Every structure is written in C-alpha cells, then in structure tokens.
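*Asks:* The structure's right below; bear with me while I get my questions together.
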C-alpha cells in the first residue's frame, strides 16, 4: 500500500467516526434543542471534518461541511430557526456526506451537492446585512457569552492559559479568507480556539475589514504563540491579551495587552479540552498490521501444538520444561492479541438510533430504540459482519413488529413502541438480543404459509413452527414493503450468523412482542474444536456448539417420513449424516452422535470416530473451497495435516 492509499484509508476511517459523532449529537439535539454541549461538539466535529476534506482535496465534501459548520455556528450563537426544518436539513447533509465518502472509497466522481449548499446558504445569509452593520460595534464592545466564560474557567482548572488575540492583515492583502484560514489552522496545533469574530464563514470568505479576533486556550505562552504566528505572511499586527482567572466580561478591556508588530495567526471556534486531556492514551493501528500480528501468533500456536505432538511421540524428557515455558508464553501472547482484537459492539450499535429515527418517520409510527450492553466486546471480525443481520432484524421489528399508533391505542399499549438491542457476555460467547413489544409472530399465518409450501405442520410444536421463518423464501408478510422487503430474508440472517460460528433463535407471543436471540463466539481466530473422522477424512467441529457426544447403534436412529430422528430428553432430534452432506464414502461405523445446539434446535451429527479436543487456528479458505458454505475454514494439526473446519449451521440447514 503506497503512502497516498494509507492516508486515504486513514481519512475514511476517521471520517466515519466523525459522521457517527455528528449523527449521535444531532439525535440528542432533536430531543433537546437547548443541548449546548452537543451543539458545540457537532460544531467541532464539522470543523475538523472540513479541514480533513480540504487537506485531501475533496471539494464537494469541503464545501458542504463548510456551510453546515456555518449553520451550526448560527445555532450555537442563539439564532432562532424553524427547528424541524433545520434538524431535517442537517440530517440530509449527514446522509449526503456519508454518500460522498462511499463514492470516494469507490473512486467515483465528485458528488453533486449544489442543491443542499443553496438551501444552507439561504438560511445562513438571511440576516447577513444586519451582521455587517454591527461588526465594528461588536469589535469595540467585546463581551464573552456565559458558555465561553464557563469553558475558560474550566480550562484554567486544567492548567490552560486563555488569550484574546486580535489579528490585523496588511492593507494590500488580496486573499484575506485564506490568510485567516492559515492563521486558524496554525493556532489549532497549539490548543483550542473557542471563539472567533466575525463568524467562521465570514472569515473564510474574507468578509472582514482588516482585523479579526479569537480566543485561544493553550498551555503555551505568549512568545510561543507569537513565534508560530510569524510563519504566516501578510500579517501586519497582533495584539495578545491574557485573560486572568478572576476575569469578568466587563473587566476584559482592562487586561494587560502585549502588542507585537510581527506576524500572527488565527483559529476557529472550537473546544477539544476533553480529548486534549487524554493524549497518548491510545494509538490507531492499521488493521492489516493487527491481522498480521494475529497470523504470527496463530503460527506460533500451530508450531507449539506440533512440538507437543513431537514430544509425546519421541519421549524426550529434556524438552518438557522448555516446552512448558513456550506453551505458557504462547498462551499469554495469544490472550493479549485476542484482547487487542476485541471491539465493543457499540461500533455497530451506534448506527441504529439514526436508522430507527428515520424508520419511525417513514412508517409514521412512534418507535424508541433502547440500547443496553454496548460496551460488550467481540472479535473485530465478528463485529464487522454483524451490521447486515442486525439491520434486517431491526427493520423487520419496525415494519412488521411495532403496530401503528391507532392499533396500539386500541390494544391499550403505550403509543410509543420499543425496540430493544441488548448485548452481554455469557462464558466464552456473546449474546445479542433484538426484541420489540409489538404484535408478535402469528403462528396461524406460519401454518398457512407452510401448507402452501407443502410442509406438514401436524406434529410441529409452536417452537418448531417459529423456526420455519428461517427457511429460504419463507415469509408470512402479505405484501413486500420498501422497509423490510429488500431481498434479504431471515434465511440469509441465519446463514450469516451461522458463518460466524453462532446461532439464532426466536421467541414470540401474540400482542406481547418478539425476541431474536443471537449467540456468537468471542473470537473466530483461535478456538477449541473436536476432531472427528467422517468417511475416512479428519474434520474439526467448533466445541462451542457441542452439547453432548453419544455412542449409538443404528437401532437408536428412528426413521420418519421425511427424515431420521434420535430421541433426546423426550424430544425428536433431526439426525444429519455428514458424510452424505459432504459427498463422502459411506461408512459402516457411524458409532457416534454429536449433539449440537443451534439456537433452540438440537441436531445430531453422525460421525465415525472421535479423535479428541484441540485448540486450533482458523485459516480462511480461498478459491473453490472458499465458496463452499459447508466449511468455516481450515487448520493445521500438530502432525502437519491440514483439516477442514465444518460449518455445522450450514450443513444442518441444507
């Protein structure tokens, strides 16, 4: 990867984080228009995003974030607007920015944003003339807002200095806007600018006579600030005022002014104190480097296993002690790298409040999303694959689960429906529950659909019937909607969860609601597995889904009209002959039944021989094997043999 590609990838990663931050804060502002802290955080994020886009040369993104920042600046200053119109406009801007980022990732042409920019400018410029006539008086009578006063007081408590800086450009300066931008950009490297006059848009458009003012919070002194400003050309004069801790708005004018006729620089209305106090607590690591680290540790685990195998076969006692140390260190290193790879599920969960908000408006329903356990961690590989199935489950809950307001009233339910997203750790796996308090799944509708598809329902319990919704093409919906009828069925959801080594089950009650319970392994890189022989070949089965291993005889297996069954705890368990599913030779042995639990459904896998339990490293498959759904991957055993890892969920669903 060349340097330019690295910078672009870093830009995309950081941009996604800032867009998520903007969406989160906008949702809070929609609930409380007077939430100043969220508004200020949005202003800072928009400003940073604009600077990043400008640095990369992405004009459409720069122009749009610039106008959006100006609008946020007006909101921050207390301007009154039609709330819903402004909120919806900002959400549309965020959607467009997300679209732009996606286009840039795919090397598409610049996205058209002129219509949005025109809307923003109409609002921004409505009182522009009034502001120009007040400009000189505002410069003469500088009074801090209560918010800025509180920020400065807080900064002093944390060891920062506060300065009012007046910057004057040369009379002959033709590019006053870029000059102000350069000054601001330089100062932002030294601290935080919490105030500018005139506002950000006016400065960057060069709409000031000669002088502009800002407040800078920094740990540097006046001389250090001045030396940084001197790097900017066409700056005629700088006045720096240190604001004392016991200042008040009225005494600002009496503060000691230190004048400098040297060059100067400028900054933007921005407060990043919280993040400034946590510098160097974490670093950003290229994901490819992390994957390489994981691969090296995985190789170490493989060779540790091979050494242990050699030690057992050769009976060399001198190797036992150093080998035990190698095993311990390898295990510690393995635990460490697995922890490094862990990500909170909030990375995915945080996308959904905005989605539910939009669905609520689109469906004309009142829906509240409740998120719990977002700090729960999973392997980044699992987290990155969770988005698609969760999106489908949440859209289904909003569209088919939560009732319309009138119907909820008739059922004496609260007008506002609840969709709950909950995550928690249980042993070596993570449970994610997507639930709603809607109408539930109609069992009779499932029976009707099943009969149309030629499925006998006579001997099926309600739990069995509910599992039918995961069959390919199975749907009880009377009409396909734009919200949930988008070609991704529940069978695809189950298939995706299964490919992650997990399972999904459903619980539902009419007029009470529905819950989907997803169970996932903590990691997909290094797992405990049971090695078995099937049709003369060795395979690995993830240990996490195995409930029990039973030694059987052919007479223990019952035959029904459609399948073979094994009775376990008075419940009929479908028997899966893995050799037939994989097209392997028929075996006469078939001595063991491996009882697996997928969701709330048991399956019995018939295997020839048990080899034993072993820690294995999952390697991805490429080519033809990589396209086969029966396999999660491959691993290298202690004797050097390559073994395929079975995707039990896919095999049982075939």
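Numbering (UniProt numbering), first residue to last: 1 to 654. Beta carbons are placed, not taken as given, at the ideal position from N, Cα and C, and that holds for glycine. No experiment lies behind these values; they were computed from the predicted model shown.
#1: Note down the Cα distance separating residue 611 from residue 539, rounded to an integer number of angstroms.
#2: Enumerate, from N- to C-terminal direction, the unbroken alpha helix (DSSP H) stretches of 4 or more residues contained entirely within the region 540-609.
#3: If you check the beta carbons only, do residue 15 and residue 68 fall under 8 Å apart?
#4: With a Cβ-Cβ cutoff of 8 Å, do residue 38 and residue 29 count as a contact?
#5: Our contact map puts residue 194 next to residue 215 with C-beta atoms below 8 Å; I'd like the distance itself, whole angstroms only.
#6: Excluding the five sequence neighbours on either side, which residues of its own chain have a C-beta within less than 7 Å of the C-beta of residue 64, listed in chain order?
#7: Grab me the residues of residue 169's own chain with a C-beta within less than 7 Å of its C-beta, minus the 5 sequence neighbours each way, in chain order.
#8: Quick one: what does DSSP say residue 492 is sitting in, helix, strand or coil?
#9: Could you give the distance in angstroms between the alpha-carbon of residue 495 and the alpha-carbon of residue 21?
#10: Can you name the residues that DSSP bridges to residue 195?
#11: If we count the other Cβ atoms within 10 Å of its Cβ and call it buried at 16 or more, is residue 424 buried or exposed?
#12: Assess contact between the region 613-623 and the region 525-537, defined as three or more Cβ pairs (one per stretch) separated by less than 8 Å. Is contact present?
#13: Could you spell out where the beta strand (DSSP E) holding residue 417 opens and where it closes?
#14: Would the beta-carbon of residue 411 fall within 8 Å of that of residue 511?
#15: So, are the CB atoms of residue 352 and residue 241 less than 8 Å apart?
#16: So what's residue 77 in DSSP terms, helix, strand or just coil?
#17: If you run the structure through DSSP and keep just helix, strand and coil, what is residue 452?
#18: Considering only their Cβ atoms, is the gap separating residue 238 from residue 393 smaller than 8 Å?
#19: Using a Cβ-Cβ cut-off of 8 Å, state whether residue 200 counts as contacting chain B.
#20: Taking C-beta to C-beta, are residue 370 and residue 420 nearer than 8 Å?
#21: On the criterion of 16 or more Cβ atoms from any shown chain inside 10 Å, does residue 406 qualify as buried, or is it exposed?
#22: Measuring CA to CA, which of 638, 547, 345, 60 is closest to residue 109?
#23: Would you call residue 271 buried or exposed, if buried means 16 or more other Cβ atoms sit within 10 Å of its Cβ?
#24: When DSSP builds the beta bridges, which residues end up paired with residue 631?
#25: Apart from the five residues on each side of it in sequence, which residues of its chain come closer than 8 Å, Cβ to Cβ, to residue 514?
#26: Would you kindly report the start and end of the unbroken beta strand (DSSP E) that includes residue 431?
#27: Closest by CA to residue 550, which one among 567, 559, 544?
#28: Using DSSP's beta-bridge definition, name the partner residues of residue 375.
#29: Out of 458, 533, 569, which has the shortest C-alpha to C-alpha gap to residue 547?
#30: From which residue to which residue does the beta strand (DSSP E) around residue 514 run?
#31: Our contact map puts residue 123 next to residue 71 with C-beta atoms below 8 Å; I'd like the distance itself, whole angstroms only.
#32: Evaluate residue 580 with the Cβ neighbour count: other Cβ atoms within 10 Å of its Cβ, from every protein chain shown; 16 or more gives buried, anything less gives exposed.
#33: Less than 8 Å between the C-beta atoms of residue 545 and residue 503, yes or no?
#34: Are residue 593 and residue 606 closer than 8 Å when you measure CB to CB?
#35: Use the C-beta contact count for residue 726: other C-beta atoms within 10 angstroms, 16 or more gives buried, fewer gives exposed.
#36: If you reduce the DSSP assignment to three classes, tell me which class residue 287 lands in.
*Replies:* The structure says:
#1: The sequence position of residue 611 within the chain shown is 611, counting from 1. The sequence position of residue 539 within the chain shown is 539, counting from 1. Cα to Cα, residue 611 sits roughly 10 Å from residue 539.
#2: Uninterrupted alpha helix (DSSP H) stretches at least 4 residues long and entirely within the region 540-609 occur at 578-581, given in chain order.
#3: Your numbering for residue 15 matches position 15 in the chain shown. Your numbering for residue 68 matches position 68 in the chain shown. No; because the gap between Cβ atoms is not below 8 Å, this pair is not in contact.
#4: Along the chain shown, one-based indexing puts residue 38 at 38. Along the chain shown, one-based indexing puts residue 29 at 29. Taking C-beta atoms as the reference points, residue 38 and residue 29 count as a pair closer than 8 Å.
#5: The count along the chain shown starts at 1 and reaches residue 194 at position 194. The count along the chain shown starts at 1 and reaches residue 215 at position 215. The pair is a contact, with the Cβ atoms about 5 Å apart (cut-off 8 Å).
#6: As a working mapping, residue 64 is identified with position 64 in the chain shown. So the qualifying residues of the chain are 93, 96, 97, 113, 116, 117.
#7: By 1-based counting over the chain shown, the position of residue 169 is 169. Closer than 7 Å at the Cβ level, and outside the excluded window around residue 169, lie 176, 179, 210, 234, 235, 236.
#8: One-based indexing of the chain shown puts residue 492 at position 492. Correct three-state label for residue 492: helix.
#9: Position 495 of the chain shown holds residue 495. Position 21 of the chain shown holds residue 21. Answer to the nearest angstrom: the Cα atoms are 32 Å apart.
#10: Here residue 195 is taken as the residue at index 195 of the chain shown, counted from 1. Paired residue(s): 215.
#11: Walking along the chain shown from the start, residue 424 turns up at place 424. Residue environment analysis places residue 424 among the exposed positions, since fewer than 16 neighbouring C-beta atoms fall within 10 angstroms of its C-beta.
#12: Yes: the two stretches touch, three or more of their Cβ pairs being nearer than 8 Å.
#13: Walking along the chain shown from the start, residue 417 turns up at place 417. Residue 417 -> beta strand (DSSP E) spans 417-426.
#14: Taking the chain shown and counting its residues from 1, one reaches residue 411 at position 411. Taking the chain shown and counting its residues from 1, one reaches residue 511 at position 511. Yes, they are a contact pair.
#15: Your numbering for residue 352 matches position 352 in the chain shown. Your numbering for residue 241 matches position 241 in the chain shown. No, Cβ-Cβ distance for residue 352 and residue 241 is not below 8 Å.
#16: Taking the first residue of the chain shown as 1, we reach residue 77 at position 77. If DSSP states are grouped into helix, strand and coil, residue 77 belongs with coil.
#17: Numbered from its first residue, the chain shown carries residue 452 at position 452. Residue 452: helix per DSSP, three-state reduction.
#18: Counting from one through the chain shown, the residue named residue 393 turns up at place 393. Counting from one through the chain shown, the residue named residue 238 turns up at place 238. Contact annotation: residue 393 and residue 238 have beta-carbon atoms that are not nearer than 8 Å.
#19: The question asks about chain B, but that chain is absent: this structure has only one protein chain.
#20: Residue numbering aside, residue 370 sits at position 370 when the chain shown is read from its first letter. Residue numbering aside, residue 420 sits at position 420 when the chain shown is read from its first letter. Yes; because the gap between Cβ atoms is below 8 Å, this pair is in contact.
#21: For this step, residue 406 is matched to residue 406 along the chain shown. Exposed, because fewer than 16 other Cβ atoms sit within 10 Å of the Cβ of residue 406.
#22: As a working mapping, residue 109 is identified with position 109 in the chain shown. Nearest C-alpha to residue 109: 60.
#23: Locating residue 271 in the chain shown gives position 271, counting from the first residue. Only weak support exists for where residue 271 lies, its pLDDT of 39 falling under 50; the coordinates are left without a value.
#24: As a working mapping, residue 631 is identified with position 631 in the chain shown. Note: residue 631 sits in a beta bridge opposite 646.
#25: The residue you call residue 514 lines up with position 514 of the chain shown. Cβ contact annotation for residue 514 (same chain, cutoff 8 Å, sequence separation greater than five): 397, 401, 435, 436, 438, 440, 441, 506, 507, 508, in chain order.
#26: As a first step, residue 431 is located in the chain shown; it is residue number 431 there, counting from the start. 429-436 is the extent of the beta strand (DSSP E) around residue 431.
#27: Looking up residue 550 in the chain shown gives position 550. The shortest C-alpha separation from residue 550 is found at 567.
#28: Numbered from its first residue, the chain shown carries residue 375 at position 375. Its beta-bridge partners do not exist; DSSP assigns none.
#29: Taking the chain shown and counting its residues from 1, one reaches residue 547 at position 547. Ranking 458, 533, 569 by Cα distance to residue 547 puts 569 first.
#30: Residue mapping note: residue 514 aligns to position 514 of the chain shown, counting from 1. Per DSSP, residue 514 is one residue of the beta strand (DSSP E) stretching across 513-521.
#31: Within the chain shown, the letter at position 123 stands for residue 123. Within the chain shown, the letter at position 71 stands for residue 71. Between the beta-carbon of residue 123 and that of residue 71 there is about 6 Å, and that keeps the pair under the 8 Å contact cut.
#32: In the chain shown, counting from the first residue as 1, residue 580 sits at position 580. Exposed, because fewer than 16 other Cβ atoms sit within 10 Å of the Cβ of residue 580.
#33: The residue labelled residue 545 in the question sits at position 545 within the chain shown. The residue labelled residue 503 in the question sits at position 503 within the chain shown. Taking 8 Å as the Cβ cut-off, residue 545 and residue 503 qualify as a contacting pair.
#34: Translated into the one-based positions of the chain shown, residue 593 becomes position 593. Translated into the one-based positions of the chain shown, residue 606 becomes position 606. For residue 593 and residue 606, yes; Cβs fall inside 8 Å.
#35: Any question about residue 726 goes unanswered here, given that the chain covers just 1 to 654.
#36: Counted from its first residue, the chain shown places residue 287 at position 287. In the three-state scheme derived from DSSP, where H, G and I count as helix and E and B as strand, residue 287 is classed as helix.
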